[in-house]
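Numbering (our numbering), first residue to last: 3 to 188. The structure appears right after this line, and notes come after that.
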């Protein structure tokens with residue numbers, strides 16, 4: 003249950019209408035680090051929308067009627083980062099954001115073709131390397147769905163943040179701070 007304290011911290015589940023995990027895990031888990039600080043561990047996040055479709059994945063048919071799948075790393079990366087921002091915002095009730103992210107692991111299905119495009123979107127969120135989080139990028143054979151080119155998991159540091167165990171009350175999506183992000187496509 004979201005908001006209930008467990009030995010492994012406080013889980014955060016996004017409200018209905020947003021993409022949910024494909025198995026039993028929360029979108030994030032917050033743990034106390036002591037001295038009034040906490041970490042939030044964000045689960046692997048893709049560009050999946052609440053309706054199950056994916057930003058940056060377009061199904062179509064070629065002129066011969068054969069199905070095709072057009073994938074866009076830039077659109078997917080932007081959506082992944084937006085989804086992470088929404089998770090942090092929701093889990094902290096708007097008291098933290100992307101500036102709190104200290105580490106990110108990026109999973110790409112095609113490093114050669116997608117690394118540069120992923121970096122372009124990354125650099126829009128973190129234009130200064132001195133304030134960007136530590137990052138590891140790895141190529142993987144596959145991700146859970148063929149529509150997914152990129153998935154990210156991360157950790158954010160919440161100095162002075164006190165965990166509060168309570169029933170899920172975060173049912174309304176918040177406006178994100180970044181002006182290019184809007185809507186409820188997370």
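Using N, Cα and C, we set each Cβ at its ideal position, and we do this for glycine too.
> Measuring CA to CA, which of 8, 27, 9 is closest to residue 15?
Replying inline: Residue 27 is the option with its Cα nearest to residue 15.
>> Can you check which of these residues, 117, 144, 151, is closest to residue 137 by C-alpha distance?
In response: Cα-wise, what sits closest to residue 137 is 117.
> Among the residues of its own chain, which have a CB less than 7 Å from the CB of residue 127, if the five just before and after it don't count?
Replying inline: Scanning its chain for C-beta atoms nearer than 7 Å, with the 5 sequence neighbours on each side dropped, one finds around residue 127 the residues 83, 100, in chain order.
> What distance in whole Å lies between the Cβ atoms of residue 75 and residue 152, which are believed to be in contact at a cut-off of 8 Å?
Replying inline: Right, the Cβ-Cβ distance comes to about 6 Å (below 8 Å), so this counts as a contact.
> For the putative contact between residue 44 and residue 155, defined by C-beta atoms under 8 Å, what is the C-beta separation to the nearest angstrom?
Replying inline: Sure, about 6 Å apart at Cβ, within 8 Å.
> Which of the three DSSP states, helix, strand or coil, is assigned to residue 95?
Replying inline: For residue 95, the secondary structure class from DSSP, reduced to helix, strand or coil, is coil.
> Which residues in the same chain have their Cβ closer than 6 Å to the Cβ of residue 134, if we skip the five residues on either side of it in sequence?
Replying inline: Only residues of its own chain outside the window of five on either side were considered, and among them 128 have a CB closer than 6 Å to the CB of residue 134, listed in chain order.
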